[in-house]
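2 protein chains.
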Amino acid sequence: MTETVTTPETGFDSQALRNRVLSEMPDEERLYDLAELFKVFGDTTRIRILYVLFEAEMCVCDIAEILNMTQSAISHQLRVLKQARLVRNRRDGKQIYYSLADDHVRTIIGQGMDHIEE
Amino acid sequence: MTETVTTPETGFDSQALRNRVLSEMPDEERLYDLAELFKVFGDTTRIRILYVLFEAEMCVCDIAEILNMTQSAISHQLRVLKQARLVRNRRDGKQIYYSLADDHVRTIIGQGMDHIEE
DNA sequence: CAATTATTTGAACATCCGTTCATGTGATAT
DNA sequence: ATATCACATGAACGGATGTTCAAATAATTG
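Each protein sequence line maps, in turn, to chains A and B. Letter 99 of the first sequence, counting from 1, is numbered 99 in our numbering, and no numbers are missing. To convert, take the position in the second sequence, counting from 1, and add 1000; that gives our numbering.
Here it is as structure tokens:
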């Protein structure tokens, strides 16, 4: 029933290794949340929006105009970014201004850039 | 035709801001590659595989058994991870051993974890 | 050689995702 | 209140994605 894990590293059965792997594995909920977070970064439109917000707080229509996309499309994606707590917003009259939520965004995108450029 | 970008920050039209945003924006190819990289992290199976490889180099059948999934499913995902240059492999007889390609993987996943845990 | 084990591959299937379009909501101004 | 502007939302469409299944490749063993 329980098969052995055979690594050349040890040379003999290592149920211990398998246990260590499983004990270091985050629980189901964290794995799900982590994957959901990275999914948010996995779209060029959302990354573009984040790059815009790197420079300045901005309202939806300005982002849409800069990226040459419809307000609706931008609004849909801002909702995704907000749910992932990557951006915040505040209302000022008719307009709603979006900005980066924290610096994890820059760090994560920066690390990603490092990887693809090496 | 060219609308003005209206930020409260400046108080007046800022074509300069728009130009700065667009000049800081990575080119199309990098944006695409970056999004593709994060897509790879955006799946619990692939993240699970990476966590397994955090502990030790391992062959396909062992990963499959530890994660309780079919070899085929794992193999398909390993191919995605390899294309993204997140894992390497080497053959040893019938088995093919996979390992992490570099430390960007740990850093990126670590930053993601930091974000969801705050 | 044939048989077995480890892995890869391609097609098929269901599901998920991003944009568009139409509509709804909220704030301002006349 | 009516009109307009800024934004959000829901349905719908096409395209991408992960797993399964069956079949192919590759290396070892008898």
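All C-beta atoms, glycine included, are put in the ideal place defined by N, C-alpha and C.
Cross-chain neighbours of Tyr1051(B) in chain A, by beta carbon under 9 Å: Val21, Glu24, Met25, Pro26, Leu31
In terms of residue numbering, what span does the beta strand (DSSP E) encompassing Asp1092(B) cover? 1087-1092
With a threshold of 8 Å between beta-carbons, can Tyr1039(B) be considered close to chain A, or not? Per the sequence shown, the amino acid found at residue 1039(B) is Lys instead of Tyr. Yes, because at least one Cβ of chain A sits closer than 8 Å to the Cβ of Lys1039(B).
Residues near Val1080(B) by beta carbon distance below 7 Å, same chain, minus five either side: Val1040, Arg1046
For chain B, find out if any of its Cβ atoms is closer than 8 Å to the Cβ of Leu17(A); answer yes or no. yes
I'd like to know whether the C-beta atoms of Ala84(A) and Leu22(A) end up nearer to each other than 8 Å. no
Please classify Asp62(A): is it buried, with 16 or more other beta-carbons within 10 angstroms of its beta-carbon, or exposed? buried
Distance, Cα to Cα, Met1(A) vs Glu1065(B)? Per-residue confidence for Met1(A) stands at a pLDDT of 40, beneath the threshold of 50, marking its modelled position as unreliable; the derived number appears in the next sentence. Met1(A) and Glu1065(B): Cα-Cα distance of roughly 11 Å.
Taking 8 Å as the CB-CB limit, is Gln111(A) close to chain B? yes
Apart from the five residues just before and just after Leu1034(B), which ones in its own chain have a Cβ nearer than 8 Å to its Cβ? Pro1026
Nearest residue (CA-CA) to Arg1088(B), options Asp1114(B), Ile1049(B), Ile1108(B), Gly1110(B): Ile1049(B)
Those runs of the alpha helix (DSSP H) which lie wholly inside the segment 8-76 of chain A and span at least 4 residues: 15-24, 28-41, 44-55, 60-67
Can you pull the chain B neighbours of Asp114(A), defined as C-beta to C-beta under 7 Å? His1104
In chain A, which residues lie with their C-beta within 7 Å of the C-beta of Thr1070(B)? Simply none; closest approach about 14 Å.
Counterpart residues of Ile96(A) in DSSP-defined beta bridges: Arg91(A)
Own chain residues within Cβ distance below 8 Å of Leu100(A), not counting five before or after: Leu50, Leu53, Phe54, Leu86, Val87, Arg88, Arg106
Could you tell me which chain A residues have their CB closer than 7 Å to the CB of Ile1047(B), listed as they occur along the chain? Leu31, Leu34, Ala35
Determine the burial state of Gly93(A): buried for a count of at least 16 other Cβ atoms within 10 Å of its Cβ, exposed for fewer. exposed
Check this for me: beta carbons of Gln1077(B) and Val1060(B), under 8 Å apart or not? no
Exposure label - Ala56(A); buried when at least 16 CB within 10 Å: buried
What is the DSSP secondary structure of Asp103(A), counted as helix, strand or coil? coil
Check whether the Cβ of Ile96(A) lies closer than 8 Å to any Cβ atom in chain B. no
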